[in-house]
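**Q**
Residue numbers (my numbering): 619 to 767.
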């Protein structure tokens with residue numbers, strides 16, 4: 619049975635631990651389907667009154683989320699058991715995911731790329747997409763503007 623992520627979060631017991639796990643320094647990036655919380659960083663909702671700063675924040679947040687989702691997609695592609703393993707303890711789950719990340723990085727360092735990775739890495743290294751180029755340009759412009767003013 620599949621349910622939406624927001625419903626899964628509401629039904630989970632871990633959500634009560636997020637404030638302690640995340641504290642002041644960490645947060646979980648989510649889309650606008652989630653409510654904003656101290657531990658859940660979500661985009662500003664656009665009711666027609668957002669300013670450029672909020673729009674830029676939303677774009678950067680979305681870009682970061684895409685990178686994270688792509689990274690997990692590569693992990694799930696390489697280690698398909700991630701999709702089937704069920705953990706009831708957060709500690710065991712996080713150790714399993716970290717172990718997969720370490721093994722994945724070892725494979726990359728050793729040159730064992732899977733076909734999808736070669737395509738993804740080629741696009742990232744050689745040809746940044748328009749959204750990335752625009753974001754980089756805006757960040758650079760803001761940095762220069764701040765230095766001048």
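Ideal placement from N, C-alpha and C gives every residue a C-beta, glycine not left out.
Just so we're clear, the structure is a prediction, and the values are computed from it rather than from any experiment.
1) For residue 731, does the three-state DSSP call read helix, strand or coil?
2) Please work out which residues of its chain come closer than 8 Å, Cβ to Cβ, to residue 744, disregarding the five sequence neighbours upstream and downstream, and give them in chain order.
3) Taking a contact to mean a Cβ-Cβ separation below 8 Å, would you say residue 675 touches residue 665 in this structure?
4) Just the Cα atoms here: how many angstroms apart are residue 648 and residue 697?
5) Give the secondary structure of residue 717 by DSSP, where H, G and I count as helix, E and B as strand, and everything else as coil.
6) Can you determine whether any heavy atom of the ligand COA sits closer than 7 Å to the C-beta of residue 718, and answer yes or no?
7) Note down the Cα distance separating residue 632 from residue 708, rounded to an integer number of angstroms.
8) Under 8 Å by Cβ, that's how I've got residue 640 and residue 652 pegged, so tell me the actual separation to the nearest angstrom.
9) Looking at the strands, I want to know which residues DSSP matches up with residue 646.
10) Residue 719 and residue 693 look like a contact to me (Cβ under 8 Å); what is the Cβ gap, rounded to whole Å?
**A** In short:
1) Within the chain shown, numbered from 1, the residue matching residue 731 stands at position 113. It is coil, neither helix nor strand.
2) By 1-based counting over the chain shown, the position of residue 744 is 126. In this prediction, residue 744 scores a pLDDT of 45, lower than 50, which makes its location untrustworthy; the coordinate-derived value is nonetheless stated afterwards. Within the same chain, residue 744 has no close Cβ partners at all.
3) For the purposes of this step, residue 675 is taken as residue 57 along the chain shown, with counting starting at 1. For the purposes of this step, residue 665 is taken as residue 47 along the chain shown, with counting starting at 1. The answer is no: Cβ separation not under 8 Å.
4) As a first step, residue 648 must be located in the chain shown, where it is residue number 30. As a first step, residue 697 must be located in the chain shown, where it is residue number 79. Each residue's alpha carbon lies about 24 Å from the other.
5) Within the chain shown, the letter at position 99 stands for residue 717. Reduced to three states, the DSSP call for residue 717 is helix.
6) The model on display carries no ligand, and the ligand COA is accordingly not part of it.
7) Translated into the one-based positions of the chain shown, residue 632 becomes position 14. Translated into the one-based positions of the chain shown, residue 708 becomes position 90. Residue 632 and residue 708: Cα-Cα distance of roughly 8 Å.
8) One-based indexing of the chain shown puts residue 640 at position 22. One-based indexing of the chain shown puts residue 652 at position 34. About 14 Å separates the beta carbons of residue 640 and residue 652, which is beyond the 8 Å limit, so they are not a contact pair.
9) The sequence position of residue 646 within the chain shown is 28, counting from 1. Per the DSSP secondary-structure output, residue 646 pairs in a beta bridge with 658.
10) Indexing the chain shown from 1 puts residue 719 at position 101. Indexing the chain shown from 1 puts residue 693 at position 75. That pair is a contact at about 7 Å.
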